[in-house]
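Read through the structure below, which is laid out as structure tokens, and then see the notes.
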Amino acid sequence: MKSYDHKRIEKKWQSYWEKKKLNVAKVNSKKKKFYGLIEFPYPSGDGLHVGHIRSNTAMDIIARKRRAEGNEVLYPIGWDAFGLPTENYAIKTGIQPAIVTKKNTDTFRRQLKALGFSFDWSREINTTDPEYYKWTQWIFLKFLEKGLAYKKKMAINWCPKDKTGLANEEVVDGCCERCGTPVEKREKEQWMLAITKYADRLDRDLDPKRVLIGTRNSAKVKMIKACFAGVVGISLITFDDIPPVDDSKLVEGDDFLENAKKKSEFYFKATGIPTISTDHILWIDKWPENKGFMVHLRKHANPSSERATDEEVVVFLKNFLKGVGGESKANFHYGIAYTDENGTFVREEVPANYILQDKVQAKSYWPGYPTEALLKDSKTGVFKADQSDDVRYVRIAMMFKKHFVPRMLGDKTAIDYLEKIRIQQKNWIGKSHGINITYPIDGFKKTVTIFTTRPDTNFGATFIALAPDGAFVKENLEHFPNKKEVSVYIEQVNKRTDIERLAEGRKKTGVFTGLYAVNSLNNRKMPMYVADFVLGGVGTGALVGVPGHDMRDFEFAQEMKLEIVRVVVGPDGDVSPITKKEQVQEDTGTMINSEFLNGTDIHEATKKIMEYMEEKGYGKKITTFKLRDWIFSRQRYWGEPIPVIHCQKCGAVAVPEKDLPVKLPNVKNYLPTDTGESPLAVIENWVNVKCPKCKGPAKRETDTMPNWAGSSWYYLRYADSKNKREFASAKALKYWTPVDWYNGGMEHTTLHLLYSRFWHKFLFDLKLVPTSEPYLKRTSHGLILGEGGAKMSKSVGNVVNPDTLIEQFGADTLRLYEMFMGPFDQHIAWSTESMIGPRRFLEKVWRLFEKTQNVNSKSQKRKRSKITNSKLETLLHKTIKKVGDDIEATRFNTAVSSMMILANEMDKEEEVSIKNYEIFLRLLAPFTPHITDELWHMLSHKKSIHLESWPSFDLLIMTSAFENLIIQINGKVRGRLSVEADISEEEAKAKILMLPEITKWLDGKEIKKIIYVKGRIVNIVL
RNA sequence: GCCGGAGUGGCGGAAUUGGUAUACGCACACGACUCAAAAUCGUGCGGGGAAACCCAUGAGAGUUCAAGUCUCUCCUCCGGCACCA
10 MKSYDHKRIE KKWQSYWEKK KLNVAKVNSK KKKFYGLIEF PYPSGDGLHV GHIRSNTAMD
70 IIARKRRAEG NEVLYPIGWD AFGLPTENYA IKTGIQPAIV TKKNTDTFRR QLKALGFSFD
130 WSREINTTDP EYYKWTQWIF LKFLEKGLAY KKKMAINWCP KDKTGLANEE VVDGCCERCG
190 TPVEKREKEQ WMLAITKYAD RLDRDLDPKR VLIGTRNSAK VKMIKACFAG VVGISLITFD
250 DIPPVDDSKL VEGDDFLENA KKKSEFYFKA TGIPTISTDH ILWIDKWPEN KGFMVHLRKH
310 ANPSSERATD EEVVVFLKNF LKGVGGESKA NFHYGIAYTD ENGTFVREEV PANYILQDKV
370 QAKSYWPGYP TEALLKDSKT GVFKADQSDD VRYVRIAMMF KKHFVPRMLG DKTAIDYLEK
430 IRIQQKNWIG KSHGINITYP IDGFKKTVTI FTTRPDTNFG ATFIALAPDG AFVKENLEHF
490 PNKKEVSVYI EQVNKRTDIE RLAEGRKKTG VFTGLYAVNS LNNRKMPMYV ADFVLGGVGT
550 GALVGVPGHD MRDFEFAQEM KLEIVRVVVG PDGDVSPITK KEQVQEDTGT MINSEFLNGT
610 DIHEATKKIM EYMEEKGYGK KITTFKLRDW IFSRQRYWGE PIPVIHCQKC GAVAVPEKDL
670 PVKLPNVKNY LPTDTGESPL AVIENWVNVK CPKCKGPAKR ETDTMPNWAG SSWYYLRYAD
730 SKNKREFASA KALKYWTPVD WYNGGMEHTT LHLLYSRFWH KFLFDLKLVP TSEPYLKRTS
790 HGLILGEGGA KMSKSVGNVV NPDTLIEQFG ADTLRLYEMF MGPFDQHIAW STESMIGPRR
850 FLEKVWRLFE KTQNVNSKSQ KRKRSKITNS KLETLLHKTI KKVGDDIEAT RFNTAVSSMM
910 ILANEMDKEE EVSIKNYEIF LRLLAPFTPH ITDELWHMLS HKKSIHLESW PSFDLLIMTS
970 AFENLIIQIN GKVRGRLSVE ADISEEEAKA KILMLPEITK WLDGKEIKKI IYVKGRIVNI
1030 VL
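Heads up: the first sequence begins at 10 in our numbering, then just goes up one per residue.
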């Protein structure tokens, strides 16, 4: 046998798969679809980064597993090729960005193909291709048409180095996200996209639906939770998660279906949260006289007690079965009821979960195996409780998924984002509920409106603070009694940058306007200040100061020597005047000095006073967001031209659809200008056009779109990438979208991910896409850092080159190492040294082939006739389950390690059966596609291993006949004992108490109790 | 400051969710094969101790028959937001 030589086999299989079109997604497939997506790379001049490989391999494994599971899989690839690095390179070298892009994509394509990713290359896209950006522009025109794209003169973030405006999302710590230069404010006309119109939906649709588990029985809670495993978009909560519920008045009857209904209705009424409840009953068929018979198991098993124990149930059933005859079937019937937010309930019965059968047909009882199942062993006649929840709940879980989950979700597209992604997006959108309060101003014709989330403390309000750039100041400055001082102050403020202000430690400054607002609650006159800690863009650009209960207001009050009133008393009981910042009671406590609010909790008081103020007409409840509209224009060359023509007569006119795409013209000089105009502005024969409306002289818009435009919808184009008439056909979109699983970087959570959700919802409203969310599941990978833990960069010199690694170790080893190196979602430092481990493993897998070749027919036969499963087979089936589960949970590192364990065990055997070896290869194939296909063909298969189905595990083989009991004395391990899996508790205890290593500890001591956990542990307490 | 996440050998990291702490891999040491080396295989590898045993999961307390896992207090690191009213 030849030795493992990756160079000989990898190229060969890559071209074989390509020739056989193994990875091309079929157009009219009858199969269930799976759409796996990775963020399409920006083809930089540096070539492929090992970080790309981590993400791509992970999704490749998932895609290959899905194919093996019988899905039609779309795993596409393309290029997000507009952007600054290419443009800057063009400026330096004078080479056209289009040519640079072509060169870079060629390199990336070659590198990606060398790694054996199962991309469907036939759908490759490129955002800089006019055939592609035609549709980016087309979607922009839709925004324009619906009034969601608009032009506005405003102060924007300007990067003086890149010489372009930036979106809020692109400014990090006051600096340009891309180049780190401190950003400046510039007043400029900008194209904006009204993402704030979608803020509420972008926030709300991130939340799963909350459903209460309406039972206090921990076994049932556990069961329902287990049944909902893998269900997306529903968050199950228990009584622990909500304020106490009094259910002493809940009365249950004898009918299990009715009980389930009663419970769900009762708890819904008590909590207002949609509630699911279950009840069950034991049902004996064919007895007596072929009539059904219901048994309240817990009651019948021990009538004198409230709840019989499991053991009592077993004894009861054993006797019961004797009485009714061996052929009887007994099963649990489950009644499940769900009461939704409207108070209407639905209920279903889950029938026929066979739990007792005399003639045990191994395969037949598994699918419907219920909770609290009891199984009679055909040989010994011993009943035993089964432990495997996955199997026990299968049928009930199916019932939940089929009948209840759709009802719970309604028309909501349920999404499953990694929790930290969800939270980060919510933070960024920054939804908050509050109230706009309007105060009259003493001796002034106008009123002032402020926004607050804490109106409960309004009796303690002592001042008003206005933003220097806020609307109130702009409109009324002329009439301020102290307008001179205010103007000087505003001038000072405008001179300072954000960074300077941060450096000063946010010292509060301000100036009195000479005006007093009047608090309608208590007629207090509140001096009005202009202060730069108030931001023009937040709320109404004005706030009411409650220095006793807001740290920032307190600091300002101290600076300005303003009055401080206490209206909340905290848990410390301090009611003295507030003079120190330690006394500022912010988010807990009870109201005082607040008239009708006195004595109420602050949260209760907030609700109460909001109602009160609305009723009195002092204020109006409102929801605000931190999210700002998206600044959509860039003053650079290498982006999609914004398809608008400015006409002196008609104003901004959309380029007619038939004239799309507006192609980027070739220019000589890509250099951005200091005037804030795009380099396109100087190309006269491109800029000067006729107005599409009046045919008069007009000029093209010379700003281009940001990098995020093309990537906001690219996953839709993959569905139908060659379509010339539409961005994608409705039919293709209906089949392929939404994306089932999207993996990408954390850095895109508030940029790309938010933007594309926005575009998608917009297209959904136009009925151009079938769902309201683009991605069902979003995971993210951790960064790969350089050796030593610093970020990989050319300047540090710690960049690793995939080409070298593929040459030296092979693509399979590189893929496997990146999956094995550590937890997928965590950052990790590169270590070329550690690659040897995965390589040795593959060599071992290669050598194992020989152990399958000298198995003579006799021993193959002998193996098959064995009754008990060999240890290896048990391990094999456990590994099948583990690898599958781990892939789904993106625990690739432990998936690999479990396959290493299996290979080590196989290696210890004299010979390995072809059957087992083949299963092993099929498990490994998604990770290392080349070596496994080679070995597969060496085993005389004619077709590719990647056309094989995903191995299934057999629970009977997985469950070992023997279990290792750990024996503890007072919690310390003192021994272990291998016992038969179905040994009874008494037998096990008896055996253990005879072991010499145990008896020596018991000498002369009294055993207080013995804890017995089946199949796991025995703890003797002395 | 607020919101997340994490802290386990020399290193990357496991631990069926409360049940054998340190799986798997790297590095290291010794042995076998070899003239030799590489590769491969085998053995060892948290600390203390001759051993029996004892002590160890950032620190300290608590709940429990049993805690890396749950609860509280604190420390450190990473990520996000940050004068958001």
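C-beta atoms are modelled at their ideal positions from N, C-alpha and C, and glycine is treated no differently.
As the structure is a computational prediction, the values presented were derived from the model and not from experiment.
By the three-class DSSP mapping on this structure, what secondary structure does residue i have?
{"i": "His-442", "result": "strand"}
{"i": "Gln-592", "result": "helix"}
{"i": "Asn-925", "result": "helix"}
{"i": "Lys-177", "result": "In the sequence as displayed, the identity of residue 177 is Asn instead of Lys. Reduced to three states, the DSSP call for Asn-177 is helix."}
{"i": "His-289", "result": "strand"}
{"i": "Phe-453", "result": "coil"}
{"i": "Pro-681", "result": "coil"}
{"i": "Trp-750", "result": "strand"}
Excluding five sequence neighbours on each side, which residues of the same chain lie with their C-beta closer than 6 Å to the C-beta of residue i?
{"i": "Ala-164", "result": "Lys-194, Glu-196"}
{"i": "Ala-540", "result": "Ala-474, Gly-519"}
{"i": "Asp-478", "result": "Gly-545"}
Can you round the beta-carbon distance between residue i and residue j to whole angstroms, since I take them to be within the 8 Å contact cut?
{"i": "Trp-745", "j": "Tyr-44", "result": "5 Å"}
{"i": "Pro-650", "j": "Leu-689", "result": "7 Å"}
{"i": "Thr-941", "j": "Ile-954", "result": "5 Å"}
{"i": "Arg-643", "j": "Pro-580", "result": "Actually they are not in contact, since the Cβ atoms of Arg-643 and Pro-580 sit about 52 Å apart, beyond 8 Å."}
{"i": "Lys-998", "j": "Ile-1019", "result": "6 Å"}
{"i": "Gln-146", "j": "Pro-670", "result": "6 Å"}
{"i": "Ala-269", "j": "Ser-257", "result": "Actually they do not touch by this definition, with Cβ atoms about 19 Å apart."}
Have a look at residue i and residue j and give me their C-alpha separation to the nearest angstrom.
{"i": "Ala-718", "j": "Leu-762", "result": "12 Å"}
{"i": "Arg-900", "j": "Asp-834", "result": "9 Å"}
{"i": "Gly-56", "j": "Val-809", "result": "11 Å"}
{"i": "Glu-989", "j": "Ala-346", "result": "40 Å"}
{"i": "Gly-377", "j": "Cys-236", "result": "Note that Gly-377 scores 28 on pLDDT, short of 50, meaning its location in the model is unreliable; the coordinates nonetheless yield the value given after this. Cα to Cα, Gly-377 sits roughly 13 Å from Cys-236."}
{"i": "Asp-425", "j": "Phe-354", "result": "26 Å"}
{"i": "Gly-174", "j": "Gly-582", "result": "52 Å"}
{"i": "Tyr-727", "j": "Glu-133", "result": "8 Å"}
{"i": "Gly-344", "j": "Asp-250", "result": "24 Å"}
{"i": "Pro-674", "j": "Trp-695", "result": "7 Å"}
{"i": "Phe-929", "j": "Ser-961", "result": "11 Å"}
{"i": "Ile-573", "j": "Asn-531", "result": "15 Å"}
{"i": "Lys-952", "j": "His-946", "result": "8 Å"}
{"i": "Val-40", "j": "Gly-754", "result": "A small correction: the amino acid at residue 40 is Lys; Val does not occupy that position in the sequence shown. For Lys-40 and Gly-754, the distance between alpha carbons rounds to 30 Å."}
{"i": "Trp-144", "j": "Ala-904", "result": "41 Å"}
{"i": "Thr-788", "j": "Pro-665", "result": "39 Å"}
{"i": "Asp-610", "j": "Val-547", "result": "27 Å"}
Here's a check: name, in chain order, each residue in its chain whose Cβ is nearer than 7 Å to the Cβ of residue i, leaving out the five neighbours to either side.
{"i": "Arg-219", "result": "Ser-244, Ile-246, Ile-282"}
{"i": "Ser-781", "result": "Asp-214, Thr-422, Lys-770, Phe-773"}
{"i": "Ala-661", "result": "Lys-160, Val-653, His-655"}
{"i": "Asp-129", "result": "Asn-32, Val-33, Ala-34, Leu-83, Tyr-84, Pro-85"}
{"i": "Ser-24", "result": "none"}
{"i": "Thr-758", "result": "Ile-430, Gln-433, Gln-434"}
In chain order, what residues of the same chain have a beta carbon less than 8 Å from the beta carbon of residue i, not counting five sequence neighbours either side?
{"i": "Ile-473", "result": "Tyr-448, Val-457, Ile-459, Ala-526, Met-535, Pro-536, Met-537, Tyr-538, Ala-551, Leu-552, Val-553, Gly-554"}
{"i": "Leu-157", "result": "Leu-202, Ala-203, Lys-206, Phe-771"}
{"i": "Glu-623", "result": "Ile-444, Lys-629, Lys-630"}
{"i": "Ile-62", "result": "Leu-124, Pro-811, Leu-823, Arg-824, Glu-827"}
{"i": "Val-1027", "result": "Leu-974, Ile-975, Ile-976, Gln-977, Ala-997, Lys-998, Ile-1001, Ile-1019, Ile-1020, Tyr-1021"}
{"i": "Glu-686", "result": "Gln-644, Thr-711"}
{"i": "Asn-602", "result": "Phe-468, Gly-469, Val-574, Arg-575, Val-576"}
_Below 8 Å, how does it come out for the segment 847-855 and the segment 817-829: are there three or more Cβ pairs, yes or no?_
yes
*Would you say the segment 81-96 touches the segment 129-147, given that touching needs at least three Cβ pairs under 8 Å?*
yes
*Are the segment 97-108 and the segment 66-85 touching by the rule of at least three beta carbon pairs closer than 8 Å?*
no
*Examine the Cβ distances between the segment 13-28 and the segment 811-821 and report whether three or more of them are shorter than 8 Å.*
yes
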